[in-house]
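Residue numbers (this note's numbering): 430 to 568.
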């Protein structure tokens, strides 16, 4: 397998942590992320990139979800598949942080959705994130 960038791997780690948290319900996100990453022996470099994203989702979940609801017309967040919901939250957090170009965030999110979800997931994520980035004035 070709060596992937730390940022790409870190987004997958953030997804794994958020997905585990989403499935467990009612647990602190930071604690779940630490457990998942410890169990998987995630590298410090990946944690350094994934950590702030996961922390922001944990701290601003209501705000992030509210932004997503505004651009997911006819879809309540709880009706969206767990993988897609987690990918959207990660991307929304990254768009909020503002250090990575929106096109990179969207492309990486589409790749994650396709890898862990389906082609339909990827298409959905692409449309939602394009709308979100525009709404946030990032594109």
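Where a beta carbon is used, it is the ideal one built from N, C-alpha and C, also for glycine.
query	result
Rounded C-beta distance between residue 447 and residue 486? I'm assuming under 8 Å.	6 Å
Could you give the distance in angstroms between the alpha-carbon of residue 549 and the alpha-carbon of residue 542?	9 Å
Can you look up residue 554 in the DSSP assignment and give me helix, strand or coil?	helix
Please list, in chain order, all residues of the same chain as residue 535 whose beta carbon is under 6 Å from its beta carbon, the five residues on each side excluded.	558
Taking only runs of the alpha helix (DSSP H) that begin and end inside the segment 482-532, which ones reach a length of at least 4 residues, in chain order?	490-500, 511-526
Is the distance from the Cβ of residue 482 to the Cβ of residue 522 below 8 Å?	yes
Look at the alpha carbon of residue 566 and the alpha carbon of residue 465, and state the distance between them as a whole number of angstroms.	34 Å
Note down the Cα distance separating residue 540 from residue 551, rounded to an integer number of angstroms.	7 Å
Does the Cβ-Cβ distance between residue 416 and residue 564 come in under 8 Å?	Look at the range of the chain in this structure, 430 to 568, and you will see that residue 416 is not part of it.
How would you call residue 456, buried or exposed, if buried means at least 16 neighbouring beta carbons within 10 angstroms?	exposed
Assign residue 442 to one of two classes, buried (16 or more other C-beta atoms within 10 Å of its C-beta) or exposed (fewer than that).	buried
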